[in-house]
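The working numbering puts the first residue of the sequence shown at -6, with every later residue one more than the last.
Built from N, CA and C at the ideal position, the CB exists for glycine as well.
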Amino acid sequence: MPSTNRIDARDQLILDGQAVPGAWVTVSFNGDPDDTDVFQLVLPAEAKALGDTCSVECPLGKALVASHVGETRRYVTESGRSMAITVLAVDSVNPNATAGR
-6 MPSTNRIDAR DQLILDGQAV PGAWVTVSFN GDPDDTDVFQ LVLPAEAKAL
44 GDTCSVECPL GKALVASHVG ETRRYVTESG RSMAITVLAV DSVNPNATAG
94 R
């Protein structure tokens, strides 16, 4: 039963617009509304080299953990470039998978 409470707490954070592991996050880069991406924020063991996941341990993931919709944060890429990222949406399911329904 404790795991159910954790899931419920996580789901509530997502409903409140907070980026937590398991959430699907829609972001824009450097304030450009045409430069957006959607990915699932995941724990390192769940991250895929290619695909639509972002580990909470990578620079982008670290910047996003506990961020909220509308919030802009900065991070430094592995190549040393400083980037701004704005959280546009936080969902419990992939919005791209449900867009055509």
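Reduced DSSP category for residue i - H, G, I as helix; E, B as strand; rest coil
i     : result
Asp27 : strand
Asp84 : strand
Ala77 : strand
Leu43 : coil
Classification of residue i by the beta-carbon crowding that lies within 10 angstroms, buried from 16 upward
i       : result
Ala90   : exposed
Met(-6) : Low confidence applies to Met(-6): its pLDDT is 47, below 50, so where it sits in the model is not reliable enough to give any reading.
Val80   : buried
Ser85   : exposed
Ala95   : No information on residue 95 is available, as it lies outside the stretch -6 to 94 that the chain covers here.
Span of the alpha helix (DSSP H), counted from its first residue to its last, around residue i
i     : result
Ala56 : Pro52 to Leu57
Residue i CB to nearest heavy atom of the ligand NAP below 7 angstroms
i     : result
Ser85 : As presented, the structure is devoid of all ligands, the ligand NAP included, so that no description of it is given.
Span of the beta strand (DSSP E), counted from its first residue to its last, around residue i
i     : result
Thr70 : Element bounds for Thr70: n/a, residue is neither H nor E.
Nearest to residue i (by Cα), restricted to the options the options
i     : options                : result
Met76 : Leu57, Ala82 and Val49 : Leu57
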